[in-house]
Amino acid sequence: MFPLTLRPLFFLSLLSSFFMLPVQSYDFSPTLPATAIPDAQKSDWCNTHLETCRSICGTGMGTDLLGVKINFCQPTSLSYDCICNKDNLRPKMDLFHYTVPGLMCETAWKACRKTNEKNAQVVKECDDKIRKKCGHMRTRDQVTKNEGLYEFFKPIKGGRKKRRGGGGGVGFEE
């Protein structure tokens, strides 16, 4: 079968293949497919997203952007849009927590931690690669209404800082 000199190498390679563990990989994306979110949760997310848009475009960020021009969130697909009346400003909704992208990111972070709970290194990567990308901004009414309700706002080293901004400033697309 094999020459005597190669037999030990063959058996050694065969034996080592039994002990090789599959390499685990995890997609550290801050998003999930809409189909992964329960329907009732999608409706809740859209409701808070719409409230956040109204607040941002109103006086919730310390400035009056003259209300909402477009405020849309479709629960089935989680597609959304938010445009304020003043200068057609479009808030960067991914910077805010109570929006579809903010809540999606939090859910992806929690799923990553739960999936990898037995591997401290990967859990740390979940924090570094997902949570730090999640929006942490809240409007004034959300800060007072929801303070202390969500573990998500407990400090994590290197997370996004709470920013204040108004029309055309931080948190808006030009």
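To convert, take the position in the sequence shown, counting from 1, and add 75; that gives my numbering. Built from N, CA and C at the ideal position, the CB exists for glycine as well.
Asked	Found
Report the three-state DSSP secondary structure of Phe227 (helix, strand or coil).	Bear in mind that the predicted position of Phe227 carries a pLDDT of just 48, short of 50, making it unreliable; the figure below should be weighed with that in mind. Here Phe227 sits in helix by DSSP.
Tell me whether Ala183 is buried or exposed, calling it buried when 16 or more other Cβ atoms sit within 10 Å of its Cβ.	buried
For Glu200, I'd like the list of residues in its chain whose CB is within less than 6 Å of its CB, leaving aside the five on either flank, ordered along the chain.	none
According to DSSP, simplified to helix, strand and coil, what is Ile158?	strand
Just the Cα atoms here: how many angstroms apart are Thr134 and Cys128?	11 Å
List the endpoints of the continuous alpha helix (DSSP H) containing Cys132.	114-132
When the Cα atoms are used, what is the spatial distance from Arg188 to Val197?	8 Å
Can you list, in chain order, the residues of its chain whose CB lies under 7 Å from that of Gly223, leaving out five sequence neighbours each side?	With a pLDDT of 47 at Gly223, under the threshold of 50, the predicted position of this residue should be treated as unreliable, and no value is reported.
Using DSSP with H/G/I as helix, E/B as strand and the rest coil, what is Pro176?	helix
Which class does Arg251 belong to by DSSP, given the choice of helix, strand or coil?	Here the chain comprises residues numbered 76 to 249, so residue 251 is not present and cannot be evaluated.
Have a look at the DSSP bridge pairing and note the partners of Trp143.	According to the sequence as given, residue 143 is Val; it is not Trp. Paired residue(s): Cys159.
What are the boundary residues of the alpha helix (DSSP H) that includes Lys199?	195-204
Taking the Cβ atom as the reference point for each residue, do Cys157 and Gly142 lie within a distance shorter than 7 Å?	no
What residues match up with Pro108 in a beta bridge as DSSP calls it?	Its beta-bridge partners do not exist; DSSP assigns none.
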